[in-house]
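Going left to right, the sequence shown walks through residues -24 to -1, 1 to 347 as mature numbering (1 follows the signal peptide of the UniProt record, and there is no 0) numbers them.
Notes follow the structure.
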Amino acid sequence: MKNNNMIKSLFMVLGLMISLPSLSHQLSTAYIIANLDDTGRIQGEWQVGLTDLELVLGLDADQNGQLTWGEVIARRVDIASYLAEHLKVQRDGLACATQFAGIERLEDHADSVFAVTDFSAQCPLAGVLSVQYSAVFAKDDSHEVVVNISDDENTQSFVLDNAQRHIEVNLADGSAWVTFKEFVYQGIIHIWIGTDHILFLLALLLPCVLLREDGQWQRNPQLKNVLSTTVWIISAFTLAHSVTLTATALGWIVPSSRWVEFGIAVSVLFAALNNVKPLILRLGWVTFAFGLLHGMGFAGVLGELGLPGDQRLLSILAFNLGVEIGQLAIVLVALPVLILLAKTVLYRRWLMPAASVGIALVALNWALERF
């Protein structure tokens, strides 16, 4: 009876996994790029995705699922009013007089089309700059905005999201350190919300605590062997995605985002199915090869976040470090649990295969959606 309940629970977990949405790396992201001069005047632009504007304002007048330039221009006053309502700038505790121009142009980057509006603000001559942002969150709580603020000497970059809608900026502070911390944080967050990366890691970790003998999975009794196998697999993945993340972010390679996302889904599918019907037992080089694809996926996220022009390499290194920290945290949480579970026959016969099948089904769904 107890085993029957366990099996039912496993199938419930599988059902939940299959229902997971396809979470690729396309985010709801806006961009604010601003310059503050020595008179306290800010000149900037705000780039908002057309899909986000449609979500909050309903720009598609004929509701045919296609936005035209005419439909955008027809609502340019409403768009400017919406932006003015959801971006507040202060300096030294005093509101800056802010003006928004109407939408004048579109820009295409990060595989999305953005409406661009210029704005200006007159602020006090000195003091800490405060930015309050609240656009889109009511309709999409995963939305975020990348804020780049510069003066004649420094540039600082921040990412605001639903959990953190407010920042205070002192451009006299060390901009490099501020940018470094922000991009480390973003690297950590984006591997934690990257379900495909997490499931790939999990699919690789599931058999690390086992040995394949006589066509069966057996417990690996040597902790040293478990750790060495894990270190080898994770190191191969880390090295590979670090190389392509950097190369892609610097523009040395320009892969198709569609095929990268499809390839990532296939990598998860292969890793999971290989646990059920092992074709390759030494996964180091295979993991390295798939890691190259995952690095391109991470670079896609970094491209959406935007790279400060004078701190590109620093931002890439910081984001990469954040990804590694986030990945290490996942391994440190998952591996001890798997080591304990591997002591049970239930893990070898049911839990590991069932989890692998569940991951494979999720990955198959992603692959079909992304193809």
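We put the CB at the ideal spot given by N, CA and C, even for glycine.
First and last residue of the alpha helix (DSSP H) that includes E21?
-> Counting along the chain, no alpha helix (DSSP H) covers E21; the unbroken beta strand (DSSP E) around it starts and ends at 17 to 25.
Continuous alpha helix (DSSP H) stretch holding K200: start and end = Taken as a continuous stretch (DSSP letters only), the alpha helix (DSSP H) holding K200 covers 199 to 225.
Using the C-alpha atoms, what's the distance from C72 back to W168?
-> For W168 and C72, the gap between their C-alpha atoms comes out near 37 Å.
Simplified DSSP assignment, three categories, for K319 | It is coil, neither helix nor strand.
Closer than 8 Å by C-beta to F347: which residues in its own chain qualify, once you throw out the five before and the five after it? Chain order, please.
-> F238, listed in sequence order.
What are the start and end residues of the alpha helix (DSSP H) that includes residue 361?
-> The structure shown does not extend to residue 361, since the chain is modelled only from -24 to 347, so the question has no answer here.
First and last residue of the uninterrupted beta strand (DSSP E) at S106 | For S106, the enclosing beta strand (DSSP E) covers residues 105 to 109.
For S57, the first and last residue of its enclosing beta strand (DSSP E) = From DSSP, S57 is part of no beta strand (DSSP E) but of the alpha helix (DSSP H) over 52 to 62.
For T171, name the three-state secondary structure that DSSP assigns.
-> Residue state, collapsed to three classes: helix.
Exposed unless 16 or more other CB atoms sit within 10 angstroms - verdict on L259 | Answer is buried; the Cβ neighbour count reaches 16.
Let me know if D13 comes out buried or exposed under the rule of 16 or more other beta-carbons within 10 Å of its beta-carbon.
-> With fewer than 16 Cβ atoms within 10 Å of its Cβ, D13 is classed as exposed.
Backbone secondary structure at A294 - three-state DSSP = When secondary structure is reduced to three states using DSSP, A294 falls in the helix class.
Could you tell me if L344 is buried or exposed, where buried requires 16 or more neighbouring beta carbons within 10 angstroms of its beta carbon?
-> Residue burial is scored here from C-beta neighbours: L344 has fewer than 16 other C-beta atoms within 10 angstroms and is therefore classed as exposed.
Looking at L221 and F274, is the spacing between their C-beta atoms short of 8 Å?
-> Yes, the pair counts as a contact, with Cβ atoms nearer than the cut-off.
Close beta carbons around S110, own chain, < 7 Å, minus the five adjacent residues each side | Only H62, R141 meet the Cβ criterion.
Inter-residue spacing [alpha-carbon to alpha-carbon] between T5 and Q162 = T5 and Q162: Cα-Cα distance of roughly 13 Å.
Where H270 sits in the DSSP three-state scheme | Helix, per DSSP.
Between which two residues does the beta strand (DSSP E) harbouring E345 extend?
-> Counting along the chain, E345 falls outside any beta strand (DSSP E), though it belongs to the alpha helix (DSSP H) covering 328 to 346.
Report yes if the CB atom of P329 is closer than 8 Å to the CB atom of S133, and no otherwise.
-> With respect to the 8 Å criterion, P329 and S133 are not classified as neighbours on the basis of their beta carbons.
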